[in-house]
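Residue numbers (this note's numbering): 6 to 104.
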Amino acid sequence: MYDKLKRVFAGKPWTQEQTANWERTRGEGRAIYVARFAFWWGTLMVVGMSLIVPYLNSQPFRVRVLLLNALIDYPLGILLGFSIWSVNESKYRESLNAK
């Protein structure tokens with residue numbers, strides 16, 4: 006059972022192009038990566054949760070909801086950015102060890 010789960014979640018090894026892309030991203034630094042990720046992910050979530058969802062539910066726009074979503078989504082984006090960075094770093098190291 007564990008082997009089946011490991012095969013599903015381990016994914017395919019990185020290609021040479023993916024490794025090169027990560028090396029370029031890695032060269033810019035972790036702080037820049039996390040800041041960009043938090044900005045883009047947070048903005049998409051704030052727009053989606055504050056503007057699109059109320060529109061689809063026929064509710065009025067509320068600034069309070071927008072601010073609450075921003076206070077939640079941007080810090081969450083920072084945490085997700087750090088976790089995705091660490092996952093990509095481990096995959097990068099695996100791809101270097103596989104060569």
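The beta carbon of each residue, even a glycine, is placed where N, CA and C say it ideally should be.
Cβ of residue i within 8 Å of Cβ of residue j?
{"i": "Leu71", "j": "Val58", "result": "no"}
{"i": "Thr24", "j": "Tyr97", "result": "yes"}
{"i": "Leu85", "j": "Trp46", "result": "yes"}
{"i": "Phe44", "j": "Ile89", "result": "no"}
{"i": "Ser100", "j": "Trp19", "result": "yes"}
{"i": "Ser95", "j": "Asn74", "result": "no"}
{"i": "Trp27", "j": "Asn93", "result": "yes"}
Give the straight-line distance between the Cα atoms of residue i and residue j, rounded to the nearest whole angstrom.
{"i": "Tyr38", "j": "Thr30", "result": "7 Å"}
{"i": "Gln21", "j": "Gly53", "result": "35 Å"}
Nearest to residue i by CA position, among the options, is which residue?
{"i": "Leu81", "options": "Phe66, Leu49, Ser95 and Ala103", "result": "Leu49"}
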